[in-house]
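Keeping their order, the protein sequence lines are chains A, B and C. In short: position in the first sequence from 1, add 1355, done, that's our numbering. In short: position in the second sequence from 1, add 72, done, that's our numbering. In short: position in the third sequence from 1, add 2, done, that's our numbering. The C-beta atom is built at its ideal place from N, Cα and C for all residues, glycine as well. For clarity, every value in this text was computed on a predicted model and none was experimentally measured. Encoded as structure tokens, the structure appears first; notes follow it.
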Amino acid sequence: METIEPVLAGHPFLQGLEARHLEELAQCASRANFEAGQFLCRAEEEARQFYLINHGRVAVEIFSARRGPVTIQALTAGDVLGWLGFLKPYHWHFDARALDLTRVISLDVPCLLGRCEANHELGYELLKRYAHYLAVQFRVTKLQLMDLYGT
Amino acid sequence: MIPSPLVVQKVRRETADTYTLDLTRPGGGAADFAFAPGQFNMLYAFGVGEVPISISGDPARPEILTHTVRDVGRVSRAVCRLKKGEVLGVRGPYGAPWPVAEAPGNDVIIVAGGLGLAPLRPAVYHLLRERPAYGNIELIYGARTPEDLLYRQELERWRGRFDFRVHVTVDSAATDWRGNVGVVTKLIGRARFDPPSTTALVCGPGVMMRFTVLELLGHGLQPEQIFVSMERNMKCGIGLCGHCQWGPFFICKDGPVFRFDRIKDWFDRREV
Amino acid sequence: MTSPALAVGAAALVAAADLPRLFEALAGRGYRLVGPTLRRGELVYDDLATVADLPVGWTDVQDGGAFRLKPREDRALFGYGVGQQSWKQFLFPPRQELWQARREGQGFKIIPATEEVPRFAFIGARSCDLHAMEVQDRVFLRGQHVDPTYKARREAAFMVAVNCGGHSCGTCFCVSMGTGPKATFGFDLALTEVLEGGAHYLVTEIGSRRGAEVLAQVPHGPAGREELEAAARVVDRTAASMGRTLDPAGIKELLYRNYEHPRWEEVAGRCLTCGNCTSVCPTCFCHTLEDATDVTGSEAARRRRMDVCFTVDFSYIHGGSIRAGERSRYRQWLTHKLATWLDQFGCLGCIGCGRCITWCPVAIDITAEVRAIRESESLKEKPDGNH
């Protein structure tokens, strides 16, 4: 069976990570597939996975009693889904549903955090990428909140 | 300054508050209205007033003059309420066009937000008609929800073409929407273009254009490769009344389409 | 046929007592004479039937937010400066109907307005006024679109200029702007009024063939060296009595650099955004178009009227006003006059007449605002001894 490191290395989120760090990450990684309609996560569930999406499409949804599920973001190959919660307990806040067959690498968050604690160099590399991801999310969310196209 | 009367041939409801009108000459004659993509007309609703509206039809079919109008004020409401057979006044075309004639050989990336697709549609028609002359053509179009998208059937047809990539995104959607959800800027990263030989055409609300331009610059485009269409209050449309001043520019005659390097000193200034 | 002495560029002498003959000559040629006159105690521009309609023997005292008329010791014909009006009201009417429309079936028919072009003779335009007209020519005549009303009226107008007579308004600053006080172009005849040692005459410069033809109908004599020197002294005295100065050197760059200067906020605290400055300014051209119908809804009209960039409505676009704050509206006006105008029309939009200073109800002074911004820069540039 093919090892998981090359797949990790090929994902934009982990771009430029050194081989030794990829090796460590591989210890927390597993492959997962979701059929169209299957949920990658549900709001309120404990958030134990950090997904690197390699193929397919995922709708991130909020459920509203009046409007039903509303899609607020669509993810595709190259995107990530998840939280690195450093304080317990961590929960998903959205539903995420596969729209097509979706292939991901699932990183186990407790495992990941344990590795980061033990190896700060790896931790720093991951945090840099995560901070950038959060900053982009923040900017994009602000723009969506603005109702950009209204006026 | 005297409007010509044109007759409404057809009205299509695009969204809850936006309509597309096809106009011809009285008596059913061809509109015979030559224009360049990106230009606008002053539309006159009898007794109510005039409003600048970009031309959204096909420049190669001057027999029909097409405008897409959003009901946002007294005059635009009166225009939106016109029925087949009724008459409105038209004068124009005015303003600087999209530089489609100067872009052959280049990849063309078109970024539209909301109603901003209307002034870009003539450019799309032109590019598709002259398709072999251009490299990749990418349309990135963002709207609030799927219900706010203009020209939905046409977007579907365009999506079906193998030589034109169309990326549509909305801020939020019901679960029957299978397209993108997110801001337009994110889709720029998915477009295929070769930065040194790319022309970008951008039209949409101010904030959307600001972030789009930043993103395009971030992807290696130079300011002189980016074109934006600006909007201001206009009364005369011919550079005399002073209303559409934007710093040293009159949007009506120096624009509405500007090459970004020529306006970049003014683009981020406020209340100009 | 004019005599050789009446060549363009030459000067002749006209006795003050013969000025009525100039009025008659112009009226005889079908001109409608307009010029300074007193109406209900105010200095305005209006129709002149005779020389007696001029504010003969009056002068003015002007300062920021203040205009007073007072009698002179003498019977000077043009011994006052400029009032709140300017000639633009004649060349570009502040209100004008452009066309009417009538419903016909599902459509309508447009009937353009027609006017018999009034042939004005402007009596007493000052050098700054001539510069203002030249500025508006660039707006209305030399762009891609020409305004037909302005063009017809401007081309028909006969210009009798007057060089300011040994007295400046107090608020004007034409010397620093290079726009006066002596008229150097744009006139058919230019008068310099001399009142010295009992003599009272007008040194009359000929600016055009048309001017020479009119002057030929007026009793005149040669202007000798003594009279020409006396006229030159009048202009020199005016130049020496300027109430204000504005340094136009590098002004566009100065204002573009200081687009976010705190002074804009400071002046916004005083500005009432009343728009008086735009109304009295001889170069301000912004206008709007208005549509209306009669009560039956079957007849409509399009009218044009002067507009004011100080209103919130001026920049209104669906969703709100672009220039919502007073600060940005004052900044728009001043930077338009002194900076963006250069990019738009290749000249400044200010000709130094001082009307905006005199007629501002809170005495905001364009020269002081520019100076404040300029001086704040030179303060910044001063070396700091502590480093």
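With DSSP run on the structure shown, which of helix, strand or coil describes residue i?
i: HIS389/C; result: In this predicted model, HIS389/C has a pLDDT of only 45, less than 50, meaning its place in the structure is not dependable; the value taken from the coordinates is given anyway. Here HIS389/C sits in coil by DSSP.
i: TYR318/C; result: strand
i: CYS176/C; result: helix
i: TYR1406/A; result: strand
i: TRP338/B; result: helix
i: ARG212/C; result: helix
i: LEU21/C; result: helix
i: MET73/B; result: coil
i: THR116/C; result: coil
i: TYR332/C; result: helix
i: GLU296/B; result: helix
i: LEU1372/A; result: coil
i: TRP1438/A; result: coil
i: ASP296/C; result: coil
i: VAL123/B; result: strand
i: ILE359/C; result: helix
i: ALA303/C; result: strand
i: MET306/B; result: coil
i: TRP101/C; result: strand
i: THR369/C; result: helix
Going by CA-CA distance only, name the one from the options that's closest to residue i.
i: ASP1450/A; options: LEU1372/A, ARG1397/A and GLU1390/A; result: ARG1397/A
i: LYS72/C; options: ALA29/C, VAL46/C and GLY59/C; result: GLY59/C
i: GLU377/C; options: LEU274/C, VAL282/C and ILE253/C; result: ILE253/C
i: LEU93/C; options: THR61/C, MET161/C, GLU106/C and LEU40/C; result: MET161/C
i: GLY1437/A; options: LEU1407/A, ALA1384/A, VAL1425/A and PRO1361/A; result: LEU1407/A
i: ARG1403/A; options: LEU1482/A, LEU1439/A, THR1496/A and LEU1489/A; result: LEU1439/A
i: PHE1441/A; options: PHE1405/A, PHE1418/A, ARG1494/A and VAL1435/A; result: PHE1405/A
i: PRO295/B; options: ALA272/B, ASP89/B and PRO98/B; result: ALA272/B
i: THR140/B; options: LEU259/B, GLY121/B and MET114/B; result: MET114/B
i: GLY188/B; options: ILE125/B, PHE265/B and ALA132/B; result: ILE125/B
i: THR181/C; options: VAL237/C, LEU191/C and TRP266/C; result: VAL237/C
i: PRO1367/A; options: THR1431/A, ALA1420/A and PHE1493/A; result: THR1431/A
i: ALA108/B; options: GLU122/B, VAL196/B and TRP338/B; result: VAL196/B
i: ALA1466/A; options: GLN1393/A, GLY1371/A and ALA1384/A; result: The sequence as given places Cys at residue 1466/A; Ala does not occur at that position. The candidate whose alpha carbon is nearest that of CYS1466/A is ALA1384/A.
Taking 7 Å as the limit between beta carbons, can you name the residues of its chain near residue i, skipping five residues before and five after?
i: ILE112/C; result: TRP101 and ALA103
i: ALA12/C; result: ILE208
i: ARG203/B; result: ASP235
i: GLY311/B; result: PHE322, CYS324 and LYS325
i: GLY314/B; result: none
i: ALA396/C; result: One cannot answer for residue 396/C here, as it falls past the ends of chain C, which runs 3 to 389.
i: LEU288/B; result: ILE260, ALA272 and ILE298
For residue i, count neighbouring Cβ atoms within 10 angstroms of its own Cβ and tell me buried if that reaches 16, exposed if not.
i: ASP340/B; result: exposed
i: LYS382/C; result: exposed
i: VAL1415/A; result: buried
i: GLY351/C; result: buried
i: ALA1446/A; result: Looking at the sequence shown, residue 1446/A is not Ala but His. Flag for HIS1446/A reads exposed.
i: TYR213/B; result: buried
i: HIS338/C; result: buried
i: ALA1391/A; result: exposed
i: GLN297/B; result: buried
i: GLY327/B; result: buried
i: THR138/B; result: buried
Considering only residues of the same chain and omitting the five flanking positions on each side of residue i, which have a CB-CB separation below 6 Å?
i: ASP139/C; result: none
i: ARG105/C; result: SER300
i: PHE189/C; result: MET161, ALA163 and GLY209
i: ASP220/B; result: THR87
i: THR96/B; result: VAL79, GLN81 and ALA103
i: VAL310/C; result: GLY277 and THR280
i: ALA68/C; result: none
Closer than 8 Å by C-beta to residue i: which residues in its own chain qualify, once you throw out the five before and the five after it? Chain order, please.
i: ARG41/C; result: ASP48
i: LEU143/C; result: ASP149, TYR152, LYS153 and ARG156
i: GLY30/C; result: GLN219
i: PRO277/B; result: GLY185, GLY186 and GLY188
* To do: Determine which residues of the stretch 1362-1375 of chain A have a Cβ less than 8 Å from any Cβ of chain B, and write them out in chain order.
  => none
* Interface positions of the stretch 286-313 of chain B facing chain C (Cβ-Cβ less than 7 Å), listed along the chain -> GLU303, ARG304, ASN305, LYS307, CYS308, ILE310, GLY311, LEU312 and CYS313
* Any residues in the stretch 212-226 of chain B with a beta carbon nearer than 8 Å to a beta carbon of chain A? Which ones, in chain order? -> GLY214, ALA215, ARG216 and ASP220
* **Where the stretch 256-270 of chain C meets chain B: residues whose CB sits under 7 Å from a CB there** => TYR261
* Asked: Going along the chain, which residues of the stretch 1408-1430 of chain A sit with their C-beta nearer than 9 Å to a C-beta in chain B?
  -> ARG1412, ALA1414, VAL1415, GLU1416, ILE1417, ARG1422, GLY1423, PRO1424, VAL1425, THR1426, ILE1427, GLN1428, ALA1429 and LEU1430
* To do: Check distances from the C-beta atoms of the stretch 205-217 of chain C to those of chain B and list, in chain order, the residues that come in under 7 Å.
  => none
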